[in-house]
Amino acid sequence: MARIVGGFGISHTPSMGMEYDKGMAKGFDPRWQKWFDGTRAVKAWLEKIRPERLVIVYNDHLNHFDFDAYPTLAIGVAPSFRQADEGWGPRPFPSLVGDVDLGWHLTNRLVRGGYDLTVCQDLAVDHGIYSWFPYLFDTPWDIPIVPLAINMVRHPIPTNERLHGLGKALGEAIRSFPGDQRTVVISTGGMSHQISGARFGIANEALDEFFLSKIKDDVQELVDIPQEEMMRLGGTEASELAIWFSMRGALSDNLVERHRYYTFPAITGCGVIVLEEKAA
Amino acid sequence: MSNSVPFNLDPPGTYIYTGEMASKGYQLTRFGLSLRKPANREKFLADEVGYMRDAGLSDAEIALVRTRDWTGLIQAGGHLQAMLKVAATVGQNLWHIGAHNAGMEVEELMKITPRKVRAVPGGKD
């Protein structure tokens with residue numbers, strides 16, 4: 630059966646991707662150099678833990694889906710996932726490799742288990758994954774992924790409890806997949822930020838540090854915080870932190886924290902926390 | 385608008401994108417998202433008003449786009465992510481939208497961002 634060897638939560642932002650491209654070409658802006666340096670340990674951990682599958686819970690920003698039909702919970706089941714054009718044209722990266730067998734396995738288990746996913750056999754992926762993925766994985770990208778997309782662009786968004794439960798069901802589903810693939814579960818969502826309204830640019834580092842300090846051992850305390858409270862204190866898009874509960878839910882309670890880093894370069898709190906299964 | 389960032393979710397500080405907003409701004413959001421395709425961006429740039437008429441926008445909505453009234457567009461139900469496609473097409477970006485929303489010049493907003501606040505759940509604001 631597939632083995633979950635660990636997981637991590639990480640922020641995403643469009644500028645994180647653009648600044649990576651600029652930084653690799655002609656040196657990083659000092660504010661982004663910190664984030665680049667802060668993610669080196671995650672890359673080293675991945676090289677040590679050698680995942681063979683990645684299950685990534687993220688959110689689309691109206692770059693693939695539109696409001697003709699916007700799924701609350703969706704899964705990508707396809708041999709590859711191309712990069713979405715967000716309006717400025719795509720960045721110079723290949724498509725992501727998908728695992729169709731694992732995708733259908735997770736779909737079967739999750740739908741039968743009460744999580745009614747919209748299945749996408751064609752899914753363009755935006756900065757939700759593309760902004761940080763190049764920091765952590767060298768091309769060619771050959772580790773197959775299964776992406777799950779969560780609605781964060783139009784309320785109502787799924788509850789904290791629901792996303793935590795989705796993670797638990799996801800963990801069980803991964804652990805029942807034939808084979809012994811070393812699997813890493815990733816959740817990604819911006820930390821404190823708000824990108825519209827007069828509160829544009831709000832930055833609550835204390836809130837983000839609080840979240841990072843609790844997610845390993847006190848996740849229920851975080852799940853119990855109303856989403857409106859997170860939005861009030863950390864900006865409307867801090868609600869994306871709810872996605873991190875899926876990663877945590879997929880892991881056991883027998884974890885070692887391998888790395889944590891946090892900085893606030895521009896508009897979004899940029900944090901990462903790596904949790905490894907002791908049994909890995 | 386000063387640099388004070390209130391701890392509430394009321395306009396004009398915050399516009400929550402609800403189902404009601406999605407219905408109100410359905411055409412506007414749909415128009416913005418049509419600009420995900422490069423060919424549509426070219427068509428729009430060649431004839432903004434004609435493109436928007438074909439997209440079914442009202443005169444009022446067209447005027448908001450023509451004046452780059454990002455705040456008005458968000459209030460009219462245009463989703464931020466969709467309006468961002470419009471901004472990208474006309475050579476602007478998130479900062480232009482943010483500055484318009486915050487009632488500042490772009491440079492001014494960039495200077496004061498990140499706008500640091502400090503509060504945790506259960507604590508005092």
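So the protein sequences, as listed, match chains A and B.
Count the first sequence with our numbering and you get residues 630 to 909, in order.
Count the second sequence with our numbering and you get residues 385 to 509, in order.
All C-beta atoms in this analysis are idealised placements derived from N, C-alpha and C, irrespective of residue type, glycine included.
Assuming residue i and residue j make a contact with CB atoms under 8 Å, what is their CB distance in whole Å?
i: M876 (chain A); j: S816 (chain A); result: 3 Å
i: Y399 (chain B); j: S825 (chain A); result: 6 Å
i: A753 (chain A); j: H693 (chain A); result: 4 Å
i: G705 (chain A); j: G732 (chain A); result: 7 Å
i: T812 (chain A); j: R632 (chain A); result: 6 Å
Whose C-alpha, out of the options, is nearest the C-alpha of residue i?
i: G636 (chain A); options: A:Q662, A:F829, A:L675 and A:G743; result: A:L675
i: R912 (chain A); options: A:E905, A:D695, A:P773 and A:G742; result: Since the first residue of chain A shown is 630 and the last is 909, residue 912 (chain A) is not available in this structure.
i: R669 (chain A); options: A:A908, A:I902 and A:N688; result: A:I902
i: F839 (chain A); options: A:F829, A:G830, A:S821 and A:C749; result: A:S821
i: G507 (chain B); options: A:A802, A:I685 and A:L862; result: A:L862
i: D853 (chain A); options: A:T865, A:L870 and A:G864; result: A:L870
i: E681 (chain A); options: A:F710, A:A753, A:Q810 and A:R738; result: A:Q810
i: G397 (chain B); options: B:D509, B:G487 and B:P505; result: B:G487
i: Y687 (chain A); options: A:L884, A:G716 and A:G796; result: A:G796
i: I639 (chain A); options: A:T788, A:V726, A:P763 and A:D697; result: A:P763
i: L799 (chain A); options: A:L880, A:S760, A:E715 and A:I786; result: A:L880
i: P708 (chain A); options: A:W717, A:R720, A:V729 and A:S724; result: A:V729
i: G409 (chain B); options: B:E432, B:G440, B:F428 and B:R420; result: B:G440
i: G878 (chain A); options: A:E866, A:H734, A:E857 and A:H793; result: A:H793
i: H756 (chain A); options: A:N737, A:D771 and A:W717; result: A:W717
i: Q750 (chain A); options: A:I685, A:F657 and A:V775; result: A:V775
i: L910 (chain A); options: A:G808, A:G898 and A:L683; result: Here chain A covers residues 630 to 909 and nothing more, so residue 910 (chain A) does not appear.
i: T865 (chain A); options: A:W873, A:A909, A:L884 and A:G830; result: A:G830
i: D771 (chain A); options: A:R679, A:P855 and A:S842; result: A:R679
i: N485 (chain B); options: B:D453, B:I446 and B:A423; result: B:D453
i: A698 (chain A); options: B:P505, B:R502, B:R414 and B:L429; result: B:R414
i: K595 (chain B); options: B:A466, B:D394 and B:Q411; result: The structure shown does not extend to residue 595 (chain B), since chain B is modelled only from 385 through 509, so no value can be given for it.
i: S442 (chain B); options: B:P395, B:N424 and B:G462; result: B:G462
i: C899 (chain A); options: A:P723, A:K843 and A:S760; result: A:S760
i: L725 (chain A); options: A:I758, A:E886 and A:K651; result: A:I758
Would you decide whether residue i is buried or exposed? Buried here means 16 or more other CB atoms lie within 10 Å of its CB.
i: A620 (chain A); result: Summary: the structure shown does not reach residue 620 (chain A), with chain A confined to residues 630 through 909, and so no result is reported for it.
i: K495 (chain B); result: exposed
i: K907 (chain A); result: exposed
i: M405 (chain B); result: buried
i: L464 (chain B); result: buried
i: A827 (chain A); result: buried
i: Q712 (chain A); result: buried
i: M630 (chain A); result: exposed
i: M653 (chain A); result: exposed
i: T768 (chain A); result: exposed
i: Q823 (chain A); result: buried
i: N789 (chain A); result: buried
i: D438 (chain B); result: exposed
i: K469 (chain B); result: buried
i: N392 (chain B); result: exposed
i: R783 (chain A); result: buried
i: E426 (chain B); result: exposed
i: G475 (chain B); result: exposed
i: P643 (chain A); result: buried
i: V389 (chain B); result: buried
i: P498 (chain B); result: buried
i: P773 (chain A); result: buried
i: S407 (chain B); result: exposed
i: L884 (chain A); result: buried
i: E857 (chain A); result: exposed
i: E715 (chain A); result: buried
According to DSSP, what are the bridge partners of residue i?
i: A698 (chain A); result: A:D695
i: H888 (chain A); result: A:V903
i: T747 (chain A); result: A:A703
i: P776 (chain A); result: A:I685
i: T817 (chain A); result: A:I639
i: R811 (chain A); result: A:R632
i: R502 (chain B); result: R502 (chain B) pairs with nothing; no bridge assigned.
i: S709 (chain A); result: A:V726
i: A472 (chain B); result: None; A472 (chain B) has no bridge partner.
i: I481 (chain B); result: In DSSP, I481 (chain B) forms no bridge with anything.
i: A832 (chain A); result: B:K500
i: V449 (chain B); result: None, per the DSSP bridge assignment.
Strictly below 9 Å CB to CB, what residues from chain D border residue i?
i: H734 (chain A); result: Protein chains A and B are contained in the structure displayed, whereas chain D is not.
Would you say residue i touches the ligand GTP, meaning its beta carbon is less than 7 Å from a heavy atom?
i: P855 (chain A); result: For the ligand GTP, the structure offers nothing, since it holds no ligand at all.
The stretch 769 to 789 of chain A in contact with the stretch 828 to 839 of chain A per 3-pair CB rule at 8 Å: no
Touching by the beta-carbon criterion (3+ pairs, under 8 Å), the stretch 443 to 462 of chain B and the stretch 477 to 486 of chain B: yes
Contact between the stretch 844 to 852 of chain A and the stretch 796 to 814 of chain A (3+ Cβ pairs under 8 Å): no
Validate contact between the stretch 649 to 667 of chain A and the stretch 890 to 900 of chain A using beta carbons, cut 8 Å, 3 pairs: yes
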